[in-house]
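Letter 498 of the sequence shown, counting from 1, is numbered 566 in our numbering, and no numbers are missing.
The structure appears right after this line, and notes come after that.
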Amino acid sequence: VRPELHLARFADGHYDIDDLLDRFAAKPGAPDEPEPEFAVYNIELSDGRVLFDDRPVQRKHELAALHLALPFVSTLASDVKVKVLPRLSGKLDGVAFDSRAEALPFEDDASARLSFKLAGLDLAPLAAYVPASLQLRLAGGRLDVDLSLDFAERPKQPPGAKLSGNVQLNELSLTQPDGQPLLALKRLVLPLVDAQPLRRQLGFGQILLESPSVWWRPVPAASPGGGTAAPWQIRLAGLEVRDGRMSVRGLDLESIQFKVGEAAWPLQAPTQLNASLRLGDGNLSAQARLSPEALDAEAELQGLALGRVAAWLPLPAGVRLTAGVSAKAMLSVKEPLAEGAADRARLTLRELLVSDARLSLAAKPLLTLVSAQLDQAEIDVATHLMRLGTLKLDAPRAQLSRDAEGRLNVAALRSSEASASTAGPAWSVQLASLQIDRGALRWRDAAVPAGAAPVALAVEPLRLQLAALAWPATAPVQGQLAAQVAALAANDQPAPATAGRLEWRGAVGFAPLSASGTLQAQALPLQLLGAYLDPAWALQLQRADLGLKAEFNAAQQDAGWQATLAGDVRLGPLALLQTRVIDGQRVVGEDLLSWQALQLDGVKLALAPGAPPRLAVRDAQLDDAYARLIVNERGRFNLRDLGPADAASAPAASAASASASASAASAPATLPAPGAEISVERIRINRGLVDFNDRFVRPSYSARLTELQGSLGAFSTTSPAMAPL
């Protein structure tokens, strides 16, 4: 009655009773010495107490109210079939426990059943016993145990042990060594139905994991062990996770629900899996059927905000992507548990929708999109083939720019790290069709010659349709394009007064590059690209509206481009100003050439590698043309200043020769490139005007020729025949 035992463990791992244990250790008996026979009745220990001082971890533990009862135990042959019924109960650190046993320890077919119950054990005091190698700390929790262990040993058979009952953890909390949270859960219910650890078999009932929270950090993968032990066999009636939460690299998954039906491992029969979770305002749900033969899964994603998964996107520094994503997906894998299962995967997408997308750099938008819809997609890993349906882009708006040093703003999208090459066959992509509606493209270019205004234009609205796209490209793709081109005003909006239209319908190829079809332009403002004129020409294009209706065909060949064009061209109104360099600065001078309209009907243009360009015009009409011709104080004709400077200056022209040139004021200011073959059937000039000023003669001489009318008959650069004037 009331026995009390004090034990202490020292830092070196020894105990204060080691000397007693050594003294009372029984010496081994002779090998042929028979087992002693005995019988003991009614052994009982009441109100015992054990105090254990675990000095290395600075913890003290107490076993109190110990009660041990052993009614009978005997090794006599007449008693071997009498069950031994011991019982042990008490309190461990204030928590009550109770254990009972029922055994036939001395029979040839020895068997025993041990029951153990414990409720509400506080795990926090046991934190010091968690091995440091586990890289975690036990912050708290309570343990409930109600287990039974059945043990049997039969002759010529391996011993067997079966564990059954329930284990429950409540309010468990684990942290990392630095104190950061790792795992927390409200309740874990682990019902053991048939656990036989000696046979590496575990059988569970319905496992419940309630309100788990996981803070996961990537850790280096452990090297695989070199053991060859038999695999464990696991069976469970089901598994359910309720209201879980996981945080991974800034990604917070909430309201995680997960269910597994009756299953066994190694997998032998089909099992059902169901899962759902919430990510911000987005929801993901999935169902799957898993068997050794196949995995068939379906998933639906609704309203995922890409900004919440930004840490997982391969975006360069300073680049931000926001959008909402919804989709339905189906995954099928043959023999999912066999090696190489990923190579047998087949993924199908349905109703993929990306809405309110915005790609920005340093808080400045590069691309915005109202919506992108893909009706279907199939990804076949085995054949490395992606089959995409119809892709519709609504109101995509791109902001492209180039600074004065020639750097494109989109260059920042390229990752500074070179992408690693991957082995294996290349992927091929097929897209049924592409549709872009209400598109917009803004282009600003500050990398222009000194003195020229930066380029600022808008292509808006833009509509594009392409059919049957493929990569690698195989055949030309049918398509059509309609766009409006205008200057960007100070308010960053297209200026309607400068707007022109461009339309194309035909085919385009990518391998090799080619294009063909019908091309139409209405008042297309070419002056928006005037800054790209070579400064050596000393010209500024103030206005040039292009109208066009033609059929064309162009294809890239090894030796160069081959192209043909046939149709009607209208250029005008046109205004050209002459520029000069004064003190190193490019200065815009006086008007040089303008007209209201130049109409070219029946135009035929042909370009071919190794052959001179060929241009034929059936009828040309120039209306309301104006030209300014000047001979400066040095006797140099202003048209001589156009184009790259000569290697040596030409001698000054006489005033007489300059005056004679005035009669040809309506002639073209420049000649075609050498070798070009040009033929024109007729040229007509209406209401021409020429301002001529000769500053070389003294006094200077000026003249204005008005109401110039005339025509020029057929001529060709390949024929010496004179044209009627």
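Heads up, the beta-carbon is just placed ideally off N, CA and C, and yes, glycines get one too.
None of these values were measured; they are calculated from a predicted model.
Simplified DSSP assignment, three categories, for residue i
i, result
"Ser717", "Caution is warranted here: a pLDDT of 40 is assigned to Ser717, below 50, making its placement in the model unreliable, and the coordinate value is therefore given only provisionally. Ser717 falls in the coil class under three-state DSSP."
"Ser201", "helix"
"Asn110", "strand"
"Trp495", "coil"
"Gly598", "helix"
"Val649", "strand"
"Ala565", "helix"
"Asn477", "helix"
"Ala409", "helix"
"Ser484", "Annotation note: pLDDT 49 at Ser484 (below 50); position unreliable, coordinate value reported separately. Three-state result, Ser484: coil."
"Leu832", "There is simply no residue 832 to check, as the chain begins at 69 and stops at 793 in what is shown."
"Val377", "helix"
"Ala445", "strand"
"Leu383", "coil"
"Pro529", "strand"
"Val125", "helix"
"Leu793", "coil"
"Pro139", "strand"
"Pro708", "Strictly speaking, residue 708 in this sequence is Arg, with Pro absent from that position. Reduced to three states, the DSSP call for Arg708 is helix."
"Ala196", "helix"
"Pro433", "strand"
"Leu739", "Unreliable positioning characterises Leu739 in this predicted model, as indicated by a pLDDT of 42, which lies under 50. The coordinate reading is nonetheless provided below. In the structure shown, Leu739 sits in coil (DSSP, three-state: anything other than H, G, I, E or B)."
"Ser787", "coil"
"Trp511", "strand"
"Ala554", "strand"
"Leu675", "strand"
"Leu609", "strand"
"Lys159", "strand"
Residue range of the beta strand (DSSP E) that includes residue i
i, result
"Phe92", "Premise fails: Phe92 lies in the alpha helix (DSSP H), Asp86 to Phe92, not in any beta strand (DSSP E)."
"Asn351", "Gly350 to Leu358"
"Met314", "Gln301 to Val316"
"Gly568", "Gly568 to Phe578"
"Gly273", "Gln269 to Glu278"
"Trp284", "Ser281 to Trp284"
"Tyr694", "Tyr694 to Val699"
"Tyr83", "No beta strand (DSSP E) holds Tyr83; DSSP gives it neither H nor E."
"Asn559", "Where Asn559 is concerned, there is no enclosing beta strand (DSSP E), given that its DSSP letter is neither H nor E."
"Arg763", "No beta strand (DSSP E) contains Arg763, which DSSP labels as neither H nor E."
"Arg255", "Pro249 to Ala263"
"Glu239", "Gly228 to Thr243"
"Asn342", "Thr339 to Leu347"
"His74", "Glu72 to Arg77"
"Pro593", "Leu581 to Pro593"
"Glu749", "Where Glu749 is concerned, there is no enclosing beta strand (DSSP E), given that its DSSP letter is neither H nor E."
"Asp691", "Asp687 to Asp691"
"Ala332", "Ala331 to Trp333"
Nearest-angstrom beta carbon gap, residue j and residue i [assumed within contact, 8 Å]
i, j, result
"Leu352", "Thr339", "Not really, about 21 Å apart at Cβ, beyond 8 Å."
"Ile746", "Ala693", "Not confirmed; about 19 Å, so no contact."
"Leu138", "Arg117", "Not really, about 19 Å apart at Cβ, beyond 8 Å."
"Gln248", "Trp283", "7 Å"
"Ser439", "Ser423", "5 Å"
"Arg70", "Asp115", "5 Å"
"Pro794", "Gly568", "As shown, the chain starts at 69 and ends at 793. That puts residue 794 outside it, with no answer to give."
"Gln301", "Trp333", "7 Å"
"Ile751", "Ser768", "That belief does not hold up - the Cβ atoms of Ile751 and Ser768 are roughly 32 Å apart, past 8 Å."
"Glu308", "Leu276", "5 Å"
"Leu660", "Arg696", "6 Å"
Bridge partner(s) assigned by DSSP for residue i
i, result
"Glu366", "Gln355 and Met398"
"Thr390", "Arg426"
"Ala440", "Val422 and Leu461"
"Thr416", "Met398 and Glu446"
"Arg638", "Gly615 and Gln667"
Check your understanding: Should the stretch 668-688 be regarded as contacting the stretch 646-656, the criterion being three or more beta carbon pairs within less than 8 Å?
Key -> no
**Study point:** Touching by the beta-carbon criterion (3+ pairs, under 8 Å), the stretch 378-393 and the stretch 321-335
**Key:** no
Point to revise | At least three beta-carbon pairs within less than 8 Å, the stretch 575-583 to the stretch 600-611 | key: no
Check your understanding: Are there three or more Cβ pairs, one per stretch, closer than 8 Å when the stretch 504-514 is compared with the stretch 465-474?
Key -> Using a C-beta cut-off of 8 Å, the stretch 504-514 makes contact with the stretch 465-474, since at least three inter-stretch Cβ pairs fall below that distance.
Review point. Is it true that the stretch 616-632 meets the stretch 659-667, where meeting means three or more beta-carbon pairs spaced less than 8 Å apart?
Key: In this structure the stretch 616-632 does not touch the stretch 659-667; the number of beta carbon pairs closer than 8 Å is below three.
Review point. Counting Cβ pairs, one atom from each stretch, are 3 or more of them under 8 Å apart for the stretch 496-507 and the stretch 405-425?
Key: no
Check your understanding: Per the contact definition of three or more C-beta pairs closer than 8 Å, is the stretch 73-93 in contact with the stretch 119-132?
Key -> yes
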